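Here's the structure we're looking at; comments come further down.
Residue numbers (full-length UniProt numbering): 1 to 973.
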């Protein structure tokens, strides 16, 4: 009999489920066992026999999601965070990262748990709506002749092309270094280089024209040859030169410098190489080591003196021309394992590793940890390498650098057929002479080219036998046989067991066809698909002149290159695409017109007896042809369409001369009454342009007046002026005491205005008059703010908290806590006990300006022990306790005390639980059914009752099984 512990979940406690164990027995097991996997930091709880994951106290998140899990709650309100942070979804975040509503060119600063917007340096305006760039160039800050470019937050001064100099200060001048020798140092003269005047060293251009033992000196802008010390002669003679002076001597002390006493006469130390050591040569009478001179040999080369001669050689592992440059020989590799320990494999060659340029050869640079050969041109690099960004890299310049089956793309040899979109569907791609070529395979034709698509070649037929295997004759064409769309091409569909062409785009169809409703039909998409005398109209090639509206009235139509060309008939003028008319002839009377015309409204009009005597767009009225119209476009220059007739007049300024405007359908001078008082008026492009005269400001459409001067008191103003709100304002008793554009109001001369932008800085438009006031803090000095249209010190408003310091900056009050004070300066600043951990005792830490013992701040959980290590709380569970010391430690209970294990089983206590094990030599279920020992083992068949004539046997897992014997195989055992 199977021992059932439960049959359903209701047989177990609410925290358990009825599940089968490893031997197939049903038993109650905890729902929150190892089979339940909750998210990080989440805990499993049992409820109504089901396992549920939830976040513990102090955590939030998704307890089921293994990636998200539960996260510790940092805050519940803004006050739990630093002043520059706010509480968002239980986490402290910088305010500007959550609520940044600043406009364009504005910056965000986090203050008092809020995001505050300010215009960036060099910008002004409303930081919430957007700040505009300050035009620094308006003040002409650059040097003379320099070009000023306004940029974001600053400006840049540059010299225009063809000039040089200091664009910020001295200005820009033409790039001429000199105009005469006097513009150069005494040792140079004014010559030319690259067709430009330039100061050049006189001796450098003079060359080796001085004689032996002489030297070139520059003086007064000219090159002069003079004998060296101790020599005399003709220094300008290239053959003779200078000879040693005959100086008698007894020893070397009697001789000039760089000479020796020899045979009673002074002479140079040497006259030939034989008088010098083997490592020296006789140069200008002196023994010198040629290798000691700078750049004696090429880059990276070694210099040695052998038998008075200089020998340049490249060091080991280098090659090249030693007199000019030696470069490192590459060792070819596939991986860095092919190189030495101090090398790496790069671009197919072993190169030295490096951490700086000084570790590389003179013509190498340390790039990405390896010494890379620098270059100027490709010839500086090895075969198969090119010079890119002054560095030798594997690559190509032209197709000739690659194999015939590749092409040079972006300096790399690549197979051009690798681009999947190069050829069309069903086309084949091959490379011939570096180029990819698309072609159609056998049985296919281009549509219209292999680059676009290949389609089956149409084969005509009358019988199925005319078609090849797998094809059938349908409507005179061989079509492929199919059972599904899988048997057809992408451009076909299986319809009636045959593959029929379909289309998704025009490219799927033959030339002269378009794709319409998934079928290829004759048609066009563009004019170029039609004959030159036709155009593509509504996807059909048609004659565009067939439309009655192709040209205007009285015009003839022709087609050229698919386009309608309209021309006025002989004797007519106008726009042939709109309307052609008789040439306009002005007149004062009928005598000014031909006999066939009459003078009507200043224009000669053709006489008529009926409409047939007039043009298509004319009607015979009162014996003359009058032009009819439905819009102004059908009338000639200087006329408009009024009551269906073209009459003299205008609709827009462009119809009038440049100095006139269209006013009430007539061309008139626009200046009268167009501008304000004291303003100037000129007409440009048919518009009245109003401007204020020089030395005046204001809105020229309202009035112009002289700008007010800034003042701090009336002493700064002229006689008859008072200092009002920081500006000089004229006093008055009547309008006659004021200048043009001003009126006397409240005994002060005030300019007239419509809006505040009509007034100068420091003034607002009030009741139609500019009054000294401010509209924003930008109108006030830097240390003041605009309060109720008045400039005031912002610190007078007492916006700062207790003990805080107030400073005016950028027209606003800035609150700061004094040194050694902490807090929110707009609320209160308090004296700080500490600013860092080192200000506290060894077992304390600095938190919010106070020294605290971290163990007293409740860092550890329930029953946990806390110790201070490096000023931080270290939590751990005491002996016989277990759990997370940062949340709670639970006392370990000896579960074995209540004998929870089954018969013949031993109990072992563990932390928070217990383990049951069968006694030695016993086996079975140590938790429930019990363990069976050898002494009390009974045959399973002894416990099993079988049917009549049935037999019992022991099978797998020591279980009893009833079965029918072979002589009685039928029945239920």
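Every residue gets a Cβ at the ideal spot worked out from N, C-alpha and C, and that includes glycine. These numbers come from a predicted model, not from an experiment.
* Segments assigned beta strand (DSSP E), at least 3 residues, entirely inside the segment 805-874 -> 805-809, 812-816, 821-824, 828-831, 845-847, 850-852, 865-869
* To do: For residue 61, write down the residues that DSSP places opposite it in a beta bridge.
  => Within the chain shown, the letter at position 61 stands for residue 61. Answer by DSSP bridge pairing, in chain order: 70.
* Straight-line gap, residue 1 to residue 944 (C-alpha atoms, nearest Å) -> Position 1 of the chain shown, counting from 1, holds the residue named residue 1. Position 944 of the chain shown, counting from 1, holds the residue named residue 944. Unreliable positioning characterises residue 1 in this predicted model, as indicated by a pLDDT of 40, which lies under 50. The coordinate reading is nonetheless provided below. Approximately 8 Å, taken between the alpha carbons.
* Is residue 528 helix, strand or coil by DSSP? -> In the chain shown, counting from the first residue as 1, residue 528 sits at position 528. Helix, per DSSP.
* Compare the beta carbon distance of residue 180 and residue 218 with 7 Å and say whether it is the shorter of the two. => Taking the chain shown and counting its residues from 1, one reaches residue 180 at position 180. Taking the chain shown and counting its residues from 1, one reaches residue 218 at position 218. Not in contact: residue 180 and residue 218 (Cβ atoms no closer than 7 Å).
* Using a beta-carbon distance below 7 Å, is residue 241 in contact with chain B? -> Annotation note: the requested chain B is absent from the structure, which comprises a single protein chain.
* Taking Cβ to Cβ, would you say residue 875 is nearer than 7 Å to residue 866? -> As a first step, residue 875 must be located in the chain shown, where it is residue number 875. As a first step, residue 866 must be located in the chain shown, where it is residue number 866. Yes, the pair counts as a contact, with Cβ atoms nearer than the cut-off.
* Asked: What's the call for residue 581, buried or exposed, on a 16-neighbour Cβ count within 10 Å?
  -> Translated into the one-based positions of the chain shown, residue 581 becomes position 581. Residue 581 comes out buried.
* With distances taken between CB atoms, is the gap from residue 690 to residue 675 smaller than 7 Å? -> Within the chain shown, the letter at position 690 stands for residue 690. Within the chain shown, the letter at position 675 stands for residue 675. Closer than 7 Å, so yes.
* To do: Within its chain, find whatever has a CB closer than 8 Å to the CB of residue 222; leave out the 5 residues flanking it on each side and keep chain order.
  => Walking along the chain shown from the start, residue 222 turns up at place 222. Within its own chain, the residues whose Cβ lies closer than 8 Å to the Cβ of residue 222, once the five positions on either side in sequence are excluded, are 189, 202, listed in chain order.
* **Contact check, residue 930 vs residue 960, beta carbons under 7 Å** => What you label residue 930 is simply residue 930 of the chain shown in a count that begins at 1. What you label residue 960 is simply residue 960 of the chain shown in a count that begins at 1. The answer is no: Cβ separation not under 7 Å.
* To do: Would you decide whether residue 230 is buried or exposed? Buried here means 16 or more other CB atoms lie within 10 Å of its CB.
  => The residue you call residue 230 lines up with position 230 of the chain shown. By the neighbour-count rule (16 or more Cβ atoms within 10 Å), residue 230 is buried.
* Would residue 550 pass as a contact of residue 541 if the rule is Cβ separation under 7 Å? -> For the purposes of this step, residue 550 is identified with residue 550 of the chain shown, where counting begins at 1. For the purposes of this step, residue 541 is identified with residue 541 of the chain shown, where counting begins at 1. Not closer than 7 Å, so no.
* Note down the Cα distance separating residue 808 from residue 818, rounded to an integer number of angstroms. => Here residue 808 refers to the residue found at position 808 when the chain shown is read from its first residue. Here residue 818 refers to the residue found at position 818 when the chain shown is read from its first residue. Looking at the two C-alpha atoms, the distance is approximately 15 Å.
* Asked: Cα-Cα, which of 824, 54, 618 is closest to residue 68?
  -> Position 68 of the chain shown, counting from 1, holds the residue named residue 68. Checking every option, the nearest Cα to that of residue 68 belongs to 54.
* Report the option in 702, 723, 704, 698 whose CA atom is closest to the CA atom of residue 710. => Walking along the chain shown from the start, residue 710 turns up at place 710. Cα-wise, what sits closest to residue 710 is 723.
* To do: Can you tell me the Cβ-Cβ gap for residue 696 and residue 687, rounded? I've got them flagged as a contact below 8 Å.
  => Working through the chain shown from its first residue, we reach residue 696 at position 696. Working through the chain shown from its first residue, we reach residue 687 at position 687. The Cβ separation is near 22 Å, so there is no contact.
* Mind checking who residue 382 pairs with in its DSSP beta bridge? => Locating residue 382 in the chain shown gives position 382, counting from the first residue. BP columns for residue 382 are empty, so no partner.
* If you compare alpha carbons, which of 260, 254, 284 is closest to residue 242? -> What you label residue 242 is simply residue 242 of the chain shown in a count that begins at 1. Ranking 260, 254, 284 by Cα distance to residue 242 puts 284 first.
* To do: Take residue 650 and list the residues in its own chain whose beta-carbon comes closer than 8 Å to its own, dropping the five residues that flank it on each side.
  => If you number the chain shown from 1, residue 650 lands on position 650. Correct list, in chain order: 638, 640, 656, 662, 665, 666, 667.
* **Residue from 232, 206, 240, 233 with nearest C-alpha to residue 224** => Counting from 1 along the chain shown, the entry for residue 224 is found at position 224. For the residues 232, 206, 240, 233, the minimum Cα distance to residue 224 belongs to 206.
* Relative to the alpha-carbon of residue 168, which residue among 786, 918, 174, 147 has its alpha-carbon at the smallest distance? -> Mapped onto the chain shown, residue 168 falls at position 168. Out of 786, 918, 174, 147, 147 has the C-alpha closest to the C-alpha of residue 168.
* Could you spell out where the alpha helix (DSSP H) holding residue 206 opens and where it closes? => The sequence position of residue 206 within the chain shown is 206, counting from 1. Residues 202-206.
* To do: Assign residue 101 to buried or exposed, taking buried as 16 or more other Cβ atoms, counted over all protein chains shown, within 10 Å of its Cβ.
  => Locating residue 101 in the chain shown gives position 101, where the first residue counts as 1. Result: exposed.
* To do: May I ask which residues mark the beginning and end of the beta strand (DSSP E) holding residue 627?
  => On the chain shown, position 627 is the one that residue 627 refers to. Counting along the chain, the beta strand (DSSP E) containing residue 627 begins and ends at 624-627.
* Asked: What's the call for residue 617, buried or exposed, on a 16-neighbour Cβ count within 10 Å?
  -> Taking the chain shown and counting its residues from 1, one reaches residue 617 at position 617. The residue in question, residue 617, is buried, as its Cβ has 16 or more Cβ neighbours within 10 Å.
* Taking the alpha-carbon positions, what's the residue 490 to residue 451 distance? -> In the chain shown, counting from the first residue as 1, residue 490 sits at position 490. In the chain shown, counting from the first residue as 1, residue 451 sits at position 451. If I take the Cα positions, the gap works out to 16 Å.
* Can you check DSSP and say which residues form a bridge with residue 124? => In the chain shown, the residue the question calls residue 124 occupies position 124. Per DSSP, 132.
* Whose C-beta lies closer than 6 Å to the C-beta of residue 713 among residues of the same chain, with five residues either side of it excluded? -> On the chain shown, position 713 is the one that residue 713 refers to. So the list reads 723, once near-sequence residues are dropped.
* **Cross-strand partners of residue 577 (DSSP beta bridge)** => Looking up residue 577 in the chain shown gives position 577. Beta-bridge partners assigned by DSSP to residue 577: none are found.
* To do: Mind checking which residues open and close the beta strand (DSSP E) that includes residue 232?
  => Against the chain shown, residue 232 aligns to sequence position 232. Per DSSP, the continuous beta strand (DSSP E) segment holding residue 232 begins and ends at 231-234.
* Asked: Quick one, which of 474, 950, 583 has its alpha-carbon nearest residue 460's?
  -> Taking the chain shown and counting its residues from 1, one reaches residue 460 at position 460. Checking every option, the nearest Cα to that of residue 460 belongs to 474.
* **Neighbourhood of residue 611 by C-beta distance below 8 Å, restricted to the same chain and skipping five residues each side** => As a first step, residue 611 is located in the chain shown; it is residue number 611 there, counting from the start. Cβ neighbours of residue 611 beyond the five flanking positions: 618, 619, 620.
* To do: Return the Cβ separation of residue 895 and residue 909 in integer angstroms, given the expectation that the two are a contact with Cβ distance under 8 Å.
  => Along the chain shown, read from residue 1 onward, the residue named residue 895 stands at position 895. Along the chain shown, read from residue 1 onward, the residue named residue 909 stands at position 909. Contact holds; Cβ gap of about 6 Å.
* Residue range of the unbroken alpha helix (DSSP H) whose run includes residue 98 -> Working through the chain shown from its first residue, we reach residue 98 at position 98. Its alpha helix (DSSP H) spans residues 95-99.
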